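In this note's numbering, the protein residues as written are 2 to 351.
Cβ coordinates follow ideal geometry from the N, Cα and C atoms, glycine included.
As the structure is a computational prediction, the values presented were derived from the model and not from experiment.
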Amino acid sequence: MSLLKHPAKNVIFLAGFLIFLSLLNGCDSQHKSAFTLSGETMGTTYHITIAADQLNETQESLKKAIDSRLVEINQSFSTYIGSSEVSVFNDSKGQQWHKKSKEFINVLAHAQQISDITEGAYDITVGPLVNLWGFGPTFNVDEIPTEVQIKEVLASVGYQNIAYNLDTLEIKKLNDKVYIDFSSIAKGYAVDEIAELIELRGYSNFMVEIGGEMRLRGKNAQNTLWRIAIEKPDSKNRSIHRVLKVSDTAIATSGDYRNFFEKDGVRFSHTINPTNGQPVQHKLASVTVLAENSMKADAWATAFMVLGHKKGYDLAVYNRLAVLFLVKDGDGIREIATPEFTLMTQGLSS
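#1: DSSP three-state label for G189, please.
#2: First and last residue of the alpha helix (DSSP H) that includes M345?
#3: Could you tell me the boundaries of the beta strand (DSSP E) in which Y165 lies?
#4: If contact is defined by three or more beta carbon pairs under 8 Å, each pair taking one atom from either stretch, is the region 243 to 258 in contact with the region 215 to 222?
#5: Give the secondary structure of G313 by DSSP, where H, G and I count as helix, E and B as strand, and everything else as coil.
#6: Going by CA-CA distance only, name the one from K297, P340, K329 and K312 that's closest to I112.
#7: Between K233 and the rest of its own chain, which residues show a CB-CB distance below 6 Å, the 5 nearest in sequence each way excluded?
#8: Nearest-angstrom Cα distance between A110 and A304?
#9: Using a Cβ distance threshold of 8 Å, determine whether the region 93 to 112 contacts the region 58 to 67, with at least three qualifying pairs required.
#10: Quick one: what does DSSP say Y47 is sitting in, helix, strand or coil?
#11: Is there contact between the region 339 to 347 and the region 317 to 331, where contact requires at least three CB pairs shorter than 8 Å?
#12: Decide if the region 284 to 297 is in contact with the region 188 to 197; the criterion is three or more beta carbon pairs, one per stretch, under 8 Å apart.
#13: In this structure, does DSSP put D332 in helix, strand or coil?
#14: What's the call for S84, buried or exposed, on a 16-neighbour Cβ count within 10 Å?
#15: Nearest-angstrom Cα distance between S23 and A196?
#16: Name the one or two DSSP bridge partners that T254 has.
#17: I want to know whether the region 331 to 343 touches the region 146 to 153 - three or more CB-CB distances under 8 Å.
#18: According to the Cβ coordinates, are G128 and Y160 closer than 8 Å?
#19: By how many angstroms is the C-alpha of V89 removed from the C-alpha of D168?
#20: Within a Cβ cutoff of 7 Å, which residues of the same chain sit near T272, ignoring the five residues on either side of it in sequence?
#21: Pick out whichever of L170, T126, L133 and N166 has its Cα sitting closest to the Cα of S157.
#22: According to DSSP, is A323 helix, strand or coil?
#23: Just to confirm, are D124 and P275 a CB contact at a threshold of 8 Å?
#24: Can you check whether the CB of A35 is closer than 8 Å to the CB of Q220?
#25: Our contact map puts Y165 next to I74 with C-beta atoms below 8 Å; I'd like the distance itself, whole angstroms only.
#26: Helix, strand or coil: which one does DSSP assign to I230?
#27: For H111, which of helix, strand or coil comes out of DSSP?
#28: Indicate the three-state DSSP secondary structure (helix, strand or coil) for R216 in the structure shown.
#29: From L133 to E41, what distance separates their C-alpha atoms?
Structure representation (structure tokens):
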């Protein structure tokens, strides 16, 4: 995960695979003031920019409310907190029902829905396979897992191993070893929750970013659309591939060009296919998803990195999703955009 610096005037800061362009140029009657808040959460950082002539409260008060909400979300979804809702479930034995919070079950249901649509390409139980391949909390690649090891872990991986009830807010294991990891959706959910918190406090022009997942509302300090750059998928250098001018949308980008290892001349991606336990081997370098909320964009971006651009494009078109695929093409990169993405960004990118 990228560690981000606090945004200042005329700077660019990297947010995962997205880049927020901040151009705060002097004073103008059409310009608004911009207030920025930043902090740490979910093993990464957050940045918030509010374009307004004045805050409705002190920055300290607003930040305290934001941090408090983030603590609550972590208490539901963080596998690094032993007492969190997800950790208690993961540590449980047997197949009894567990009562959970409404937000826990709602996020779980959203993840399971995408798993159904993608036929398991997206799966929040894939964590043990990611760890097996050395891409867990501490990157450690000693040797390539054997087929026997992969098969053994695969036996407990699968979204079908989870049962839940939206009415009673309960969840249970259908396999004693199943392990849930919300890392592919929780940051997006947190972005949505913080955006809602800010909007309820009277602000209508803001950008919320957590670990690269974004939600944009209204306009920036220059009273124009927010400018978000998609990073060029290059493992050696960091540069901008394309700039989008967007508003009232969420955006997430996933890629495999930063997190991988090579052994004996073979490149192994950190994106693991939950259906076969193997790192993906396609030419998709990165994918950007625009959606009505960050939770949806976050999860779908992960799903498309597993599916690849061929299957991913067809599924995105069928589900009318706004998606930009950046595909390796020799020494270059080829763009493949869905009609929805083209429609949403027509004349608004550079």
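Taking the definition as stated:
#1: DSSP places G189 within a helical segment (H, G or I) once states are collapsed to three.
#2: Judged by DSSP secondary structure, M345 falls within the alpha helix (DSSP H) whose first and last residues are P340 to T346.
#3: Membership of Y165 in the beta strand (DSSP E) is indicated by the continuous run I163 to N166.
#4: In the pairwise beta carbon analysis, the region 215 to 222 is classified as touching the region 243 to 258: at least three pairs are separated by under 8 Å.
#5: Here G313 sits in helix by DSSP.
#6: It should be noted that the sequence gives Ala, not Ile, for residue 112. When each option's Cα is compared against that of A112, the closest is K297.
#7: Excluding sequence neighbours, K233 sits near S240 and H242.
#8: Taking the straight line from one Cα to the other gives about 16 Å.
#9: They do not touch, by the three-pair rule.
#10: Here Y47 sits in strand by DSSP.
#11: Taking one beta carbon from each stretch, the region 339 to 347 and the region 317 to 331 have 3 or more pairs nearer than 8 Å; the two touch.
#12: Cβ pair count under 8 Å is three or more, so yes.
#13: Judged by DSSP in its simplified three-state form, D332 adopts coil rather than helix or strand.
#14: Exposed, by the Cβ-count rule.
#15: At S23 the pLDDT is 48, less than 50, meaning the model places this residue with poor confidence; the figure from the coordinates comes in the next sentence. Cα to Cα, S23 sits roughly 19 Å from A196.
#16: According to DSSP, which records beta bridges pairwise, T254 is partnered with T289.
#17: A contact between stretches requires three or more CB pairs, one per stretch, nearer than 8 Å, and the region 331 to 343 fails this requirement with the region 146 to 153.
#18: Not in contact: G128 and Y160 (Cβ atoms no closer than 8 Å).
#19: C-alpha separation (whole angstroms): 21 Å.
#20: The answer, listed in chain order, is D257, P280, V281, M306 and V307.
#21: The candidate whose alpha carbon is nearest that of S157 is T126.
#22: The answer is strand: DSSP assigns A323 an E or B state.
#23: One thing to note: D124 has its Cβ within 8 Å of the Cβ of P275.
#24: Sequence check: residue 220 is Lys here, not Gln. Between K220 and A35, the gap from beta carbon to beta carbon reaches 8 Å or more.
#25: Between Y165 and I74 a beta carbon distance of about 19 Å is seen, past the 8 Å cut, so the two are scored as non-contacting.
#26: Residue 230 is actually Ala in this sequence, not Ile. Looking at A230 - three-state DSSP - the assignment turns out to be strand.
#27: Secondary structure of H111 (DSSP, three-state): helix.
#28: In this structure, R216 counts as strand in the three-state DSSP scheme.
#29: Straight through space, the alpha carbons of E41 and L133 are spaced by roughly 28 Å.
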